[in-house]
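In what follows, a single structure is set out as structure tokens and then discussed.
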Amino acid sequence: MNPNQKPDFFEQVFQVVRLIPVGRITTYGAIARYLGSAQSARMVGWAMNASHQVHPQVPAHRVLNRSGCLTGKMHFDEPNAMQSRLEAEGIMVVGDQVQDFERVYWDPSQELAL
DNA sequence: CGATTGACGTACG
DNA sequence: TCGTACGCCAATC
Numbered sequence: 006m007n008p009n010q011k012p013d014f015f016e017q018v019f020q021v022v023r024l025i026p027v028g029r030i031t032t033y034g035a036i037a038r039y040l041g042s043a044q045s046a047r048m049v050g051w052a053m054n055a056s057h058q059v060h061p062q063v064p065a066h067r068v069l070n071r072s073g074c075l076t077g078k079m080h081f082d083e084p085n086a087m088q089s090r091l092e093a094e095g096i097m098v099v100g101d102q103v104q105d106f107e108r109v110y111w112d113p114s115q116e117l118a119l
């Protein structure tokens with residue numbers, strides 16, 4: 006990376022994603038909104054794309070879209086990895102869609118509410 | 001430098 | 001209620 010280690014939007018996203026508890030998930034929009042870029046949910050997804058080469062391990066598999074669908078499963082080393090990890094954490098996934106989405110949903114602006 | 005795409009979300013039909 | 005269209009911001013072609 007560049008020596009200009011300013012508060013990158015990407016790093017901000019990684020930080021929040023890492024705070025997601027096991028067995029819980031969140032959405033791109035929720036993270037974007039928490040960072041103040043509510044209308045830049047796409048940037049969150051873009052950041053996730055870089056999360057593979059970043060820091061320890063960013064639980065990108067815990068980040069889904071507003072529908073609770075595993076939109077980014079195809080971007081993992083193996084499309085099956087995302088669902089497998091979610092199921093391993095107790096999250097039921099059927100048809101690339103998370104079950105009990107509302108129950109496992111974790112909102113940073115709510116849990117990390119300032 | 002300009003056009004297109006993208007791990008999304010909201011609005012409209 | 002479901003399907004389609006448009007908007008945002010940044011990176012890549």
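Be aware that the first sequence starts at 6, since it is given in my numbering, and climbs by one per residue. Idealized CB from N, CA, C, for every residue including glycine.
Measure the CB-CB distance between residue 36 and residue 84 and report whether it falls below 8 Å. no
At which residues does the alpha helix (DSSP H) containing residue 89 begin and terminate? Counting along the chain, the alpha helix (DSSP H) containing residue 89 begins and ends at 84-93.
With distance defined between alpha-carbon atoms, name the residue in 64, 44 and 43 nearest to residue 53. 64
Output yes or no for whether 8 Å exceeds the beta carbon distance between residue 40 and residue 15. no
Please report the distance separating the alpha-carbon of residue 77 from that of residue 17. 19 Å
DSSP on residue 69, reduced to helix/strand/coil? Strand.
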